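To keep things clear, I will list the structure first and then write my remarks on it.
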Amino acid sequence: MSVARFAPYALCIALGLGLGSVVAGQPFRPSPTRAAVVAEGDAERRSSLTRADVESVVRQELARGRGVRAPDGVSVAAPANEAAAEPAAEPPIEIIQQAERATLVLDRALARGVWTEEDVQAMHEQIDGLPAAQAVPIVTRMADAVNRGALELTTRGLPL
Amino acid sequence: MNKLAATLLLAASLVVPAFAVAGYKQSTEVTFVTTGNVVRVRGVLSAAANSADNVQYIGCQNGKEFSYCMGRNAAGLTKMCSNGSLGAMEVMASLTAASYLDFTASAGTCTKVEASTNSMYIAPVIDNSAPINPPPLGPALP
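If you're matching them up, the sequences are chains A and B in order.
Every letter in the first sequence is one number past the one before it in my numbering, and letter 60, counting from 1, is 60.
Every letter in the second sequence is one number past the one before it in my numbering, and letter 92, counting from 1, is 1092.
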């Protein structure tokens, strides 16, 4: 027996589940990532794949919409629709430069070991308007330094 | 001597005209529990504000892209963390003067932020209108 032999069964199951969900009032939305069934090993190993294995993989993929690990070396590729799977869009050069200037403010303060009112002002100017993706790592790094005692806050008010 | 003591007692009762109106109160001041690189910071905002040391504070600063929380204990040590996730930022923005804040900082990131708002965290109300010991009535006026 081979995987190709079970392809019609897998197709029927997929179509059946899709039709079932439409009937139930929930439009079927196929995952943008195709469920790539990859058989490993030689022909003898591939022939050990049972009908239950194929059905299990198809059901899991349709139900969860994410990558699963099937038995006997059969793997299903992870979908590309998960945010984490897609590379983040590159921010504009102005944002990158602004983040670098904010990082420089922090680096200089870390070198001195103190966070002053001037640092507050300088950081405010640089971090204001930065997206979270750029701002949070800088503030987190600062917080970590404060918590470790590597950066002493000498400001009267808030440090940021 | 007894007359002097009575006079002092009377004077003391007159200079303490206020008393606290209170239900159940919990006034946990700012405390840290550190485990390796992780620190848990807790405290009641009003308790920190009303602490006698002029040092403690605890709270969060909320922005559009990120928020951060920080607390300083009586010893003057400061701990802080930041987070840009909507869930954490919503909690940080929910603080009031009647809040208890509990956050955990791991390498500078707020990995847990909890806020509780309850009457027990409201600072005791000082009522200046009623003295504790009203002065004794003097002789009736003619």
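Glycine is no exception: its CB is placed at the ideal position from the N, C-alpha and C atoms.
In this text the structure is predicted, and so the values were computed from the model without any measurement.
Exercise for review: Could you spell out the range, first to last residue, of the alpha helix (DSSP H) harbouring Ser1046 of chain B?
Suggested key: Here residue 1046 of chain B refers to the residue found at position 46 when the second sequence is read from its first residue. That run of the alpha helix (DSSP H) goes Leu1045 to Ala1049.
Review point. Per DSSP, what kind of secondary structure is Asn147 of chain A in: helix, strand or coil?
Key: Taking the first sequence and counting its residues from 1, the one referred to as residue 147 of chain A is at position 147. If DSSP states are grouped into helix, strand and coil, Asn147 of chain A belongs with the helices.
**Study point:** For Ala84 of chain A, three-class secondary structure by DSSP
**Key:** Here residue 84 of chain A corresponds to residue number 84 of the first sequence, with the count starting at 1. Because the pLDDT at Ala84 of chain A is just 45, under 50, the model does not fix this residue reliably, and the value given afterwards should be weighed accordingly. Look at Ala84 of chain A here: in three-state DSSP terms it is helix.
**Study point:** For Glu1114 of chain B, the first and last residue of its enclosing beta strand (DSSP E)
**Key:** Start at 1 with the first residue of the second sequence, and residue 1114 of chain B comes out as number 114. Residues Thr1109 to Thr1117.
Exercise for review: Please report the Cβ distance between Phe1066 of chain B and Ala135 of chain A, rounded to the nearest whole angstrom; I am assuming they are in contact, meaning their Cβ atoms lie under 8 angstroms.
Suggested key: Translated into positions along the second sequence, residue 1066 of chain B becomes position 66. Translated into positions along the first sequence, residue 135 of chain A becomes position 135. The pair is a contact, with the Cβ atoms about 5 angstroms apart (cut-off 8 angstroms).
Review point. Could you give the distance in angstroms between the alpha-carbon of Ala88 of chain A and the alpha-carbon of Cys1069 of chain B?
Key: On the first sequence, residue 88 of chain A is found 88 positions in, with the first residue counted as 1. On the second sequence, residue 1069 of chain B is found 69 positions in, with the first residue counted as 1. Between Ala88 of chain A and Cys1069 of chain B, the C-alpha separation is close to 27 angstroms.
Exercise for review: Excluding the 5 residues preceding and the 5 following Tyr1024 of chain B in the sequence, name in chain order all residues of the same chain whose CB lies nearer than 6 angstroms to its CB.
Suggested key: Taking the first residue of the second sequence as 1, we reach residue 1024 of chain B at position 24. Met1120, listed in sequence order.
Point to revise | Range covered by the beta strand (DSSP E) that runs through Leu104 of chain A | key: On the first sequence, position 104 is the one that residue 104 of chain A refers to. It is not in any beta strand (DSSP E) - Leu104 of chain A instead sits in the alpha helix (DSSP H) that spans Ile93 to Arg112.
Exercise for review: Could you tell me whether any Cβ in chain A is nearer than 7 angstroms to the Cβ of Tyr1121 of chain B?
Suggested key: Along the second sequence, one-based indexing puts residue 1121 of chain B at 121. Closer than 7 angstroms: no.
Check your understanding: Using the beta-carbon of each residue, which ones in chain A are nearer than 9 angstroms to Val1039 of chain B?
Key -> One-based indexing of the second sequence puts residue 1039 of chain B at position 39. Near Val1039 of chain B (Cβ distances below 9 angstroms), the residues of chain A are Asn147.
Review point. How about Thr1028 of chain B and Ala1047 of chain B: are their beta carbons less than 7 angstroms apart?
Key: Taking the first residue of the second sequence as position 1, residue 1028 of chain B is located at position 28. Taking the first residue of the second sequence as position 1, residue 1047 of chain B is located at position 47. Closer than 7 angstroms, so yes.
Exercise for review: Note down the Cα distance separating Ile96 of chain A from Leu130 of chain A, rounded to an integer number of angstroms.
Suggested key: Taking the first residue of the first sequence as position 1, residue 96 of chain A is located at position 96. Taking the first residue of the first sequence as position 1, residue 130 of chain A is located at position 130. The straight-line gap from Cα to Cα measures roughly 9 angstroms.
Check your understanding: What's the gap between the Cα of Thr140 of chain A and the Cα of Ala1107 of chain B?
Key -> Here residue 140 of chain A corresponds to residue number 140 of the first sequence, with the count starting at 1. Here residue 1107 of chain B corresponds to residue number 107 of the second sequence, with the count starting at 1. Spanning the two alpha carbons is a distance of roughly 7 angstroms.
Practice item. Output yes if chain B places a C-beta closer than 7 angstroms to the C-beta of Leu153 of chain A; else output no. Key: Taking the first residue of the first sequence as 1, we reach residue 153 of chain A at position 153. Closer than 7 angstroms: yes.
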